[in-house]
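Trainee:
6 protein chains.
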Amino acid sequence: MRILVANVNTTQSMTDSIAEAARAAASEGTEIVGITPRFGAASCEGNFESYLAAVAVMDAITRYEGDFDAVIQAGYGEHGREGLQELLDVPVVDITEAAASTAMFLGHKYSVVTTLDRTVPLIEDRLKLAGLDARCASVRASGLGVLELETDPERAVKEIVAQAESAVGDNRAEVIVLGCGGMSGLDAQIRERCGVPVVDGVAAAVAVAEGLVRLGLSTSKVRTYAAPRPKKVIGWPLAS
Amino acid sequence: MRILVANVNTTQSMTDSIAEAARAAASEGTEIVGITPRFGAASCEGNFESYLAAVAVMDAITRYEGDFDAVIQAGYGEHGREGLQELLDVPVVDITEAAASTAMFLGHKYSVVTTLDRTVPLIEDRLKLAGLDARCASVRASGLGVLELETDPERAVKEIVAQAESAVGDNRAEVIVLGCGGMSGLDAQIRERCGVPVVDGVAAAVAVAEGLVRLGLSTSKVRTYAAPRPKKVIGWPLAS
Amino acid sequence: MRILVANVNTTQSMTDSIAEAARAAASEGTEIVGITPRFGAASCEGNFESYLAAVAVMDAITRYEGDFDAVIQAGYGEHGREGLQELLDVPVVDITEAAASTAMFLGHKYSVVTTLDRTVPLIEDRLKLAGLDARCASVRASGLGVLELETDPERAVKEIVAQAESAVGDNRAEVIVLGCGGMSGLDAQIRERCGVPVVDGVAAAVAVAEGLVRLGLSTSKVRTYAAPRPKKVIGWPLAS
Amino acid sequence: MRILVANVNTTQSMTDSIAEAARAAASEGTEIVGITPRFGAASCEGNFESYLAAVAVMDAITRYEGDFDAVIQAGYGEHGREGLQELLDVPVVDITEAAASTAMFLGHKYSVVTTLDRTVPLIEDRLKLAGLDARCASVRASGLGVLELETDPERAVKEIVAQAESAVGDNRAEVIVLGCGGMSGLDAQIRERCGVPVVDGVAAAVAVAEGLVRLGLSTSKVRTYAAPRPKKVIGWPLAS
Amino acid sequence: MRILVANVNTTQSMTDSIAEAARAAASEGTEIVGITPRFGAASCEGNFESYLAAVAVMDAITRYEGDFDAVIQAGYGEHGREGLQELLDVPVVDITEAAASTAMFLGHKYSVVTTLDRTVPLIEDRLKLAGLDARCASVRASGLGVLELETDPERAVKEIVAQAESAVGDNRAEVIVLGCGGMSGLDAQIRERCGVPVVDGVAAAVAVAEGLVRLGLSTSKVRTYAAPRPKKVIGWPLAS
Amino acid sequence: MRILVANVNTTQSMTDSIAEAARAAASEGTEIVGITPRFGAASCEGNFESYLAAVAVMDAITRYEGDFDAVIQAGYGEHGREGLQELLDVPVVDITEAAASTAMFLGHKYSVVTTLDRTVPLIEDRLKLAGLDARCASVRASGLGVLELETDPERAVKEIVAQAESAVGDNRAEVIVLGCGGMSGLDAQIRERCGVPVVDGVAAAVAVAEGLVRLGLSTSKVRTYAAPRPKKVIGWPLAS
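Heads up: the protein sequence lines correspond to chains A, B, C, D, E and F, in order. According to this note's numbering, the first sequence holds residues 289 to 528 in order. According to this note's numbering, the second sequence holds residues 289 to 528 in order. According to this note's numbering, the third sequence holds residues 289 to 528 in order. According to this note's numbering, the fourth sequence holds residues 289 to 528 in order. According to this note's numbering, the fifth sequence holds residues 289 to 528 in order. According to this note's numbering, the sixth sequence holds residues 289 to 528 in order.
1. Run the CB neighbour count on E:T303, radius 10 Å, all protein chains shown included, and call it buried at 16 or more, exposed below.
2. Step through the CB atoms of chain A and report whether any lies within less than 8 Å of the CB of B:R517.
3. Taking the alpha-carbon positions, what's the C:A418 to A:R369 distance?
4. Cβ of A:I464 within 8 Å of Cβ of A:V408?
5. Excluding five sequence neighbours on each side, which residues of the same chain lie with their C-beta closer than 8 Å to the C-beta of A:E333?
6. Sort D:A476, D:A313, D:H367 and D:Q451 by Cα distance to D:A425 and report the nearest one.
7. Start and end of the alpha helix (DSSP H) containing F:G371?
8. Cβ closer than 8 Å: which chain A residues qualify as neighbours of E:P485?
9. So E:L292 and E:V359 are supposed to be a Cβ contact under 8 Å. How far apart are they, rounded?
10. Does the beta-carbon distance from A:H396 to A:E453 come in below 8 Å?
11. In this structure, does DSSP put F:T402 in helix, strand or coil?
12. Assuming contact is defined by CB atoms lying nearer than 8 Å, are F:G365 and E:N335 in contact in what I supplied?
13. Less than 8 Å separating the beta-carbons of E:L376 and D:V487?
14. Would you list, in chain order, the members of the stretch 327-342 of chain F that have their beta-carbon closer than 9 Å to a beta-carbon of chain E?
15. Apart from the five residues on each side of it in sequence, which residues of its chain come closer than 8 Å, Cβ to Cβ, to D:S315?
16. With 8 Å as the threshold, decide whether the Cβ of F:G431 is near any Cβ in chain E.
17. Have a look at E:S389 and D:A492 and give me their C-alpha separation to the nearest angstrom.
18. If you follow the beta strand (DSSP E) that C:G322 is part of, which residue opens it and which one closes it?
19. Between F:R502 and B:L410, what straight-line distance do the alpha-carbon atoms span, to the nearest angstrom?
20. Just mark B:D458 as buried or exposed, buried being the case when its beta carbon has 16 or more other beta carbons within 10 Å.
21. For C:H396, would you say it is in contact with chain A, using Cβ-to-Cβ distances shorter than 8 Å as the test?
22. Helix, strand or coil for B:G483 per DSSP?
23. Kindly indicate which three-state DSSP category E:S426 falls into: helix, strand or coil?
24. Jot down the residue ranges of each uninterrupted alpha helix (DSSP H) in the stretch 446-522 of chain B, minimum 4 residues, whole runs only, in chain order.
25. Under three-state DSSP, which class holds D:L236?
26. Looking only at DSSP bridge pairs, what is E:A290 linked to?
27. Terminal residues of the continuous beta strand (DSSP E) containing E:D382?
28. Could you tell me which of E:C468, E:Y398, E:K446 and E:E308 sits nearest to E:D382, measuring between CA atoms?
29. Can you list, in chain order, the residues of the stretch 455-468 of chain C whose Cβ is nearer than 8 Å to any Cβ on chain B?
30. Within the 8 Å Cβ cut-off, does E:Y513 reach chain D?
31. Which of helix, strand or coil does DSSP assign to F:A329?
32. Under 8 Å Cβ-Cβ, which residues of chain E neighbour D:V381?
33. Could you tell me the distance, in whole angstroms, from the CA atom of B:V380 to the CA atom of B:D357?
34. Determine the chain C residues that contact B:A313 at a beta-carbon separation under 8 Å, and present them in chain order.
35. Spatial neighbours of C:P441 within its chain, please: C-beta separation below 8 Å, excluding the five flanking residues on both sides.
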């Protein structure tokens with residue numbers, strides 16, 4: 289099967305590392321295709337950027353020429369998943385939800401460790417809407433911007449571990465979720481240092497997407513995610 | 289003061305009727321400017337269209353030349369308000385929230401009557417995120433599409449009244465909220481037939497926006513709605 | 289329009305300062321009339337005093353000779369608003385709810401800073417009943433009694449600022465609500481020191497009440513707030 | 289031990305039947321004293337009447353000459369319990385809460401059957417504040433006013449049974465709570481006809497109060513229910 | 289009346305002290321019979337042990353020869369109450385629920401102080417299912433294992449008091465619940481040192497059970513707790 | 289990898305059909321081993337039977353000789369998963385949770401269709417504890433007992449379809465979950481007739497378990513699911 293993994297920002301190196309993490313998690317026979325939007329911010333750290341990404345990802349997926357069996361939206365806490373579900377017949381998996389859902393099989397409560405303080409409410413909102421917040425002990429910020437994860441991975445691990453330890457000790461989390469697509473690949477190191485399961489959203493989403501495809505399940509089209517009604521839409525598809 | 293009232297779809301006649309409703313609700317001295325997005329769907333009835341609108345409204349507001357004191361996003365149950373809050377220093381008022389908030393001063397529970405069945409979950413989600421759902425008795429669909437409200441206002445009133453009566457009788461609502469920007473102006477007729485207060489979101493938003501401006505209050509910039517961090521954004525501002 | 293602003297305690301100087309704050313917030317053409325109950329406690333800092341105030345405010349409003357367009361109950365976290373809604377046909381606005389509702393337009397979460405530790409649960413209960421608690425980050429006590437706000441305003445500001453800063457830093461509030469009618473007028477100073485929007489309940493209630501009156505909206509009479517059924521009531525109206 | 293059972297309305301015959309129901313439930317050695325307020329409505333069916341009752345019950349209990357070990361507030365869904373808790377050192381038991389709490393030991397969900405439609409929201413609010421609403425399947429109105437329960441007990445039983453059966457069948461209740469002090473004594477008949485446990489609030493409150501007294505437990509005085517602070521209170525105690 | 293008080297572990301001395309605490313709380317004329325399971329763990333401090341206890345208690349109660357009027361399950365936060373309710377026609381009272389329910393009559397919020405950190409989530413889960421968690425301020429661990437309570441009661445009191453004080457000061461609890469059957473008898477000492485009401489679950493359950501029996505109330509049999517359907521069950525009753 | 293799929297009842301034919309459904313869902317290279325408890329009820333339709341099953345499944349899994357990579361507990365709405373998590377180091381997946389979690393990727397709300405009315409509350413409780421209830425539209429009973437599913441599959445499909453249609457139409461579900469291990473294999477027929485995705489818990493659990501194993505994730509051992517403390521346990525392991 290082929291899974292498209294859509295980065296939400298326009299930084300190609302981040303698409304590459306996300307795709308690499310997805311490939312590491314995929315079963316034999318699963319092809320991973322990394323997708324980079326044509327427009328948008330170099331990193332998504334707020335609502336303006338995230339809304340832009342929502343449209344940019346819809347644009348990029350619509351524009352993809354070729355078949356695919358599932359789509360992963362690889363931004364943590366971002367807008368847009370519902371739009372893709374309307375446009376596509378294949379399953380759409382958001383890493384925010386895949387990670388939370390996976391963490392809930394592993395411990396009584398989980399915490400998310402993300403990048404900046406300002407993105408915490410976005411993640412909280414996404415988990416609340418998804419109905420996956422009841423067992424979320426906390427969403428904590430490491431203080432690193434998205435792009436700093438790439439430029440200074442050592443510091444990233446250190447800061448994430450510090451937050452993870454507070455989450456386990458102070459917030460009673462038993463599982464840690466990495467709250468940024470750009471943290472993919474750091475899970476093993478953090479797990480080792482913290483002694484609790486660490487869930488990487490991209491890897492979790494690959495497992496969920498593969499499972500849905502194997503079970504022949506996809507988005508319900510009876511109401512919320514029915515295809516858009518035929519109507520005049522100015523400026524879509526976006527000009528090349 | 290000057291308030292920009294942004295339609296979320298590209299139908300100019302709807303912008304006009306929304307602006308008219310806003311003017312009818314405004315205090316003396318308040319100037320209402322209707323804004324129509326440059327791109328997007330003729331009506332917003334789902335997530336794809338709503339995400340497109342979120343960006344189109346940000347584009348239209350950013351592009352507006354002139355001063356203004358507040359912005360009203362005049363789509364009921366739509367995405368995008370958070371992005372505007374990041375981009376602007378003046379208050380941003382979403383009609384979904386203004387209407388709910390207003391209804392809560394008038395009765396123990398309120399219900400929303402909207403257009404299509406498929407938009408009900410979007411509205412429920414927006415109210416949940418806004419933390420204004422605890423006293424929402426129900427969100428009910430009249431079965432009319434957004435544009436049918438304009439083309440067949442008589443039927444619109446009839447269907448909305450039918451749903452409103454069920455909301456009061458079966459769901460124990462005491463106040464009705466009109467759940468579509470395109471329903472602006474129908475409130476008086478519906479109130480008369482149902483015997484309960486009827487809140488039009490556009491009018492409610494004007495009152496809220498005027499109040500905030502008079503009190504000198506605007507969006508907090510300490511965390512969630514801080515201005516976007518300086519960074520490379522491809523394709524923004526959107527090309528003319 | 290004329291708005292009655294009812295103090296909940298019997299301290300005339302507090303009625304005066306509340307009325308002054310209301311006037312400062314009112315639009316041109318709005319007349320503010322301060323109302324002091326004929327009986328009750330010099331300050332409301334608990335349930336016994338608050339229940340007494342509920343009846344005393346109903347007495348004072350009923351006894352008011354003259355027309356009016358709306359009533360503001362100017363006690364933060366107090367009982368009684370529902371009774372007034374039954375007795376009156378004009379809108380009744382409680383400052384607890386007006387302030388919370390207003391704060392929710394300004395930031396992702398808000399905190400209330402009130403007077404004594406013992407009044408915190410009363411406020412929490414009022415917000416819970418009003419369905420306005422989902423985005424309340426915390427209710428915090430400054431440790432000052434209601435009357436100390438008047439006698440030592442400098443210390444009041446200092447203690448409120450300290451709690452506001454903890455609310456923003458520790459509880460992730462983005463907006464501060466002043467949780468006592470007696471704090472009216474301190475908002476500008478606190479806003480300046482804290483860097484976040486500060487909502488004074490009396491001012492917020494004036495804006496809400498003016499908006500409702502302008503929109504022609506008032507309390508729904510179909511169920512909860514219908515006028516009391518005709519029946520024998522001993523001792524009401526209260527003897528002069 | 290001696291337990292004061294306070295009626296919330298001024299109808300002496302209702303005080304008598306409440307006291308009788310309390311005596312029937314009491315253990316040997318428990319003395320029940322019925323208390324009728326000096327002022328207030330002939331029946332409590334709304335917020336205005338209930339707030340008046342809150343003060344009238346505080347007045348009546350304060351005025352009681354003699355020792356007592358506990359107080360029961362025998363109005364279902366009424367205001368006032370918190371004020372009594374501040375004024376007294378002995379346990380105060382509200383029948384709304386005692387009944388709900390008792391019902392929760394008997395089945396997975398319970399429903400309340402009360403008098404008028406308009407009192408339903410008051411009861412819902414009291415249960416929500418008490419944190420006893422999570423297992424409440426519904427609050428349903430029989431359509432009878434409080435005083436009709438006395439004048440037409442046969443019809444009362446019939447209407448209550450009809451609502452109880454709907455509660456069990458449609459709302460999945462497994463236990464019925466009688467939602468009015470005036471329904472005391474009807475529980476046996478209703479239980480027999482419905483085949484589910486029926487909880488009378490007055491009886492339940494007697495059992496709870498006796499239990500608290502025997503265990504030597506009373507209201508915590510560390511915060512919410514501490515005695516009122518010493519201060520000037522005009523008009524209290526109320527003139528004889 | 290006769291009440292069976294079932295210990296959940298196989299430590300006879302703990303059964304004895306639980307029965308003693310029950311007797312101290314019982315009314316004149318109530319006979320308390322302590323029950324020790326035939327199998328299971330020496331102490332219950334986790335789910336494996338608790339599930340074993342659920343079956344062992346059902347076995348022990350089923351095997352009891354003689355009449356009884358109520359059963360108390362004397363394990364705090366343990367599984368099994370629902371099974372007993374299906375098997376028996378008399379009331380079944382779990383000490384977790386009895387204590388929480390009792391505490392809610394005494395203060396605005398309560399906290400539970402239990403044994404080990406690992407049992408905290410079990411208690412939280414039981415309170416959540418029981419719908420008694422809304423006013424629970426916290427569940428805190430003293431760090432002592434169940435059996436240490438017996439072997440080192442002095443240290444137990446000291447550690448419990450320390451947690452109780454944090455609960456009152458930091459979590460805003462106004463009442464403390466002793467979260468282990470083995471803490472029975474320590475309540476007076478802790479109450480004295482903390483200045484807040486302290487609820488022992490075994491004593492509370494005795495009062496609740498006596499009340500239910502006196503009121504002639506028992507488990508509803510219409511749905512959840514109906515007797516098991518007749519069917520083949522291998523290995524039950526368990527071999528002697 | 290090898291996955292043990294534990295039936296919760298003692299009916300071997302049901303174990304066989306569950307194992308068959310698991311095999312149909314499994315990836316190449318996954319071995320499914322069906323496990324039948326040595327004791328317990330022929331079907332689990334209540335708490336007594338479910339608690340017995342909890343211990344019987346722990347017994348059967350502990351007794352299994354051979355390696356395995358994950359365990360699936362194949363009873364819908366049953367007790368016991370937490371005990372297995374303590375006893376094992378490999379992932380434990382409950383079909384109740386796997387199905388709900390999977391359904392949430394497919395639509396805005398899901399409903400569960402189960403067997404008997406009396407098992408509905410058990411399932412509601414399990415979903416509530418799992419924190420997966422926020423998007424559950426309803427749990428509905430088909431009226432068929434567990435064993436009737438096998439003896440009369442045609443009627444089973446008909447009754448399940450009827451409930452599924454009500455769930456979609458009346459409760460606004462967009463996805464149906466089959467709420468009984470014994471319904472495995474009926475999903476395709478029901479999906480075809482209802483036009484919405486239908487999730488079989490056993491199949492979903494296989495996908496989840498495979499995913500966890502592939503990602504190298506297992507139960508957190510830091511608190512709730514740590515191995516039982518070493519202590520005397522009478523009667524365990526159970527005698528052969």
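Where a beta carbon is used, it is the ideal one built from N, C-alpha and C, also for glycine.
Mentor: Walking through what the data contain:
1. buried
2. yes
3. 32 Å
4. no
5. T403, L404, R406, T407, G433 and V434
6. D:Q451
7. R369 to L375
8. Result: empty, since nearest Cβ-Cβ is about 26 Å, beyond 8 Å.
9. 5 Å
10. no
11. strand
12. no
13. no
14. The residues in question are F327, G328, A329, A330, S331, E333, G334, N335, F336, E337, S338, Y339, L340 and A342.
15. E498
16. no
17. 13 Å
18. E319 to I323
19. 35 Å
20. exposed
21. Taking 8 Å as the CB threshold, C:H396 lines the interface with chain A.
22. coil
23. strand
24. 475-482 and 489-503
25. Not covered by the structure: residue 236 of chain D. The range shown for chain D is 289 to 528.
26. Just to set this straight, residue 290 of chain E is Arg in the shown sequence, not Ala. E:R290 pairs with E:E319.
27. V380 to D382
28. E:C468
29. Shown in chain order are the members of the stretch 455-468 of chain C whose Cβ falls below 8 Å from a Cβ of chain B: V456, R460, E462 and V463.
30. yes
31. strand
32. F393
33. 9 Å
34. R502 and L503
35. L474
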